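Here's the structure, in structure tokens; my notes come after.
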Amino acid sequence: MTDTEPRSEARASDRASRLAIAVLAVAFVLNFAGRGLVEGFSAFVLPLEQAFGWPRSALTGVVATQMLVSGLAAPVAGWLFDRYGPRTVYCAGLALLGAAVLLASQAQSLWIVYLGAGVLMGAGAAATGMVCAASLIGRWYRARLSTAIAIAYAGSGCGVLVMVPLSQAMIDTIGWRAAWLSLGAGALVLVPVCAFLPWATLSRPPQEPLVDPAAPRATTVSPPASQSDQARAALRAALRAAWRDPAYWRLSQVFFFTALASYLVTPQVVALLIEGGFAPLVAASAYGLAGLLSTIGIIGSGWSSDRIG
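Here the sequence shown is numbered in the working numbering, starting from 1 and rising by one per residue.
So, in structure tokens, the structure goes:
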């Protein structure tokens, strides 16, 4: 071994580490944007009710539609992500989010809100959310994978922390239509930014992922086609194993009932606090605080998972 080989390996390792961090940053921002726009709908419930006289049950039904579409679209987004890559799926997701908000801003009837803030936003959130992010992050991180995924997922909590109060401040200043127009334009601005990211590099890590030098090193290199076949076979085997594993179904129940309990209340929190006498921005900020607490919990659970199991 020559003296240049260790230096070359060190440079390659440093570059891989920087790229892995960049992948985390991209996933964080996309979760921030997607979840921030989704949860921001809570700030629009009362203005829509006051503008059109629609019952609150009908407006919170938009959130139910949004969550249902997001859940159904997530496996499709994952399949498209594997087939067409992150550039296509992420740009499409951001475009859907932008279109959803722009469409909702022009609503004169309730079905337009359902189509925009419900269907399109749910699909966009699925494409920019953790299903695709986990796939991408898993290519780069072997050790500390749970922590890495938690950091990316924390973007959702930060999105709630920032976007809900921001949405309310914009509603108070320029009205709900202009607020949605501005947020939709912001989402669309991210599309060309996302398109020009170096996805060929970000989506294809070195043969030995992961930035932890303590992680085990691969000793052989398979041809790309063989790697692809092995990955598909491993995925099928993992899905079959999960389907038969009671722990998988128990975990699914935890997610289901957690979401059920949470979203029975949260879409109405801002409106209820305002009606209770709190200033609109204070009400929205209280909702945003839940995002901060969520971020702390998410990162803490990921860190604990890597160290405790």
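Don't be surprised by glycine CBs; every beta carbon is placed ideally from N, CA and C.
In this text, all values refer to a predicted model and were calculated from it rather than measured experimentally.
Determine the DSSP secondary structure at residue i, reduced to helix, strand or coil.
i	result
A283	helix
D367	Missing from the structure shown is residue 367; the chain here goes from 1 to 309 and no further.
R87	helix
A51	helix
Q253	helix
R15	helix
A290	helix
P75	helix
If we ignore side chains and look at the alpha-carbon of each, how far apart do residue i and residue j end up?
i	j	result
G40	V193	23 Å
A22	I298	20 Å
G291	V162	8 Å
L251	L273	33 Å
A237	L136	20 Å
L289	G155	14 Å
L59	N31	24 Å
L183	P246	42 Å
L260	A73	18 Å
T295	C158	7 Å
F256	R177	33 Å
P47	V270	11 Å
W140	V265	37 Å
A242	F44	39 Å
A179	Q268	19 Å
L102	G138	34 Å
F28	L181	23 Å
State the start and end residues of the unbroken alpha helix (DSSP H) segment that holds residue i.
i	result
S182	W176 to A195
V265	Neither: V265 is in no alpha helix (DSSP H) and is coded neither H nor E.
L110	L110 to V113
A117	Here A117 belongs to no alpha helix (DSSP H), and DSSP marks it neither H nor E.
A200	W199 to L202
Would you say the beta carbon of residue i is closer than 8 Å to some non-hydrogen atom of the ligand ZN?
i	result
A74	Among the ligands in the structure shown, none appear at all, so the ligand ZN cannot be discussed.
Problem set entry | the region 85-96 touching the region 144-160, judged by at least three CB pairs closer than 8 Å | no
For this session: Return the chain-ordered ranges of every alpha helix (DSSP H) run that is complete within the region 130-167 and spans a minimum of 4 residues.
Result: Qualifying alpha helix (DSSP H) stretches, in chain order: 130-140.
For this session: Please confirm if the region 154-170 is in contact with the region 277-285, defined as three or more CB-CB distances below 8 Å between the two stretches.
Result: The region 154-170 is in contact with the region 277-285.
Exercise. Is the region 63-70 touching the region 117-130 in the sense that three or more CB pairs, one from each, lie closer than 8 Å?
Worked result: yes
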